[in-house]
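First up is the structure itself, then whatever we jot down about it.
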Amino acid sequence: AQSVTQLGSHVSVSEGALVLLRCNYSSSVPPYLFWYVQYPNQGLQLLLKYTSAATLVKGINGFEAEFKKSETSFHLTKPSAHMSDAAEYFCAVRGSNFGNEKLTFGTGTRLTIIP
Amino acid sequence: DAGVIQSPRHEVTEMGQEVTLRCKPISGHDYLFWYRQTMMRGLELLIYFNNNVPIDDSGMPEDRFSAKMPNASFSTLKIQPSEPRDSAVYFCASSFPGSNEKLFFGSGTQLSVL
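Same order as they appear, the protein sequences are chains A and B. Under our numbering, the letters of the first sequence match residues 29 to 143, in that order. Under our numbering, the letters of the second sequence match residues 1281 to 1394, in that order.
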């Protein structure tokens, strides 16, 4: 079974400051890990994914995440926050074994950008 | 491509009524997922299909919920009878092997049961 824990349901950062959203995972098999973003009144969009290739993954809109097996973490970062980054962010996990299509989401972190 | 299309966008109904939510996946996608989003429980997977066949319905909360996928381009999620605690946003998503595990989400149906 797989699960993710997102630390902090709300995060506020100033415009131009570093964004750090935390995610820890638990998985009985090597995991695939994802970050999705949800803007108000919209569905989720994929930001980036880790599927057992490079441990540092770059996504859209300047975001990146690093897979750290020793820490069972997949934290999302962006060097400089922009007002348009205000949204809800979800970490998700699924097993990498064939036929395991079930994607399990964390409870989400709402990111607020302070002008 | 128009993306995953869900209807209705909003649904307000009274307790005890039947509710049917609809989803049209992206053409060529053979996986379809139904998720429910609430403040208390976040995003929960209810059921998913592969090639129109239900693969895992362990997330369906109870017998009042049922889902069907009669063909590759259409799925329904039905709640009968509806209860206030079913109020949530219901998302449909689709994907295909080779999409690098990327889910494409619809805009959701906001369901309010009074």
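We treat Cβ as the ideally placed atom computed from N, Cα and C, and that holds for glycine.
For A:N52, the three-state secondary structure derived from DSSP is strand.
The beta carbon of A:G87 sits no closer than 8 Å to any beta carbon of chain B. Around the Cβ of B:G1388, a 10 Å sphere holds 16 or more other Cβ atoms; the residue is buried. Counting every other CB atom within 10 Å of its CB across the protein chains shown gives B:R1316 a total of 16 or more, marking it as buried. Taking every protein chain shown into account, the CB of A:K96 has fewer than 16 other CB atoms within 10 angstroms, so this residue is exposed. Neighbours of A:Q70 in chain B, taken as residues whose beta carbon is under 7 Å from its own, are S1387 in chain order.
From the listed residues B:T1293, B:W1314, B:G1296, the smallest Cα separation to A:G71 is found for B:W1314.
Annotation for A:T137: the continuous beta strand (DSSP E) segment containing it runs 137-142. If you keep only unbroken beta strand (DSSP E) runs of at least 3 residues inside the segment 52-105 of chain A, you get 59-66, 72-78, 84-86, 92-96.
Residue contact with chain A for B:D1336: present (Cβ-Cβ distance below 8 Å to some residue of chain A).
By the neighbour-count definition (other C-beta atoms within 10 Å, threshold 16), B:G1296 is an exposed residue.
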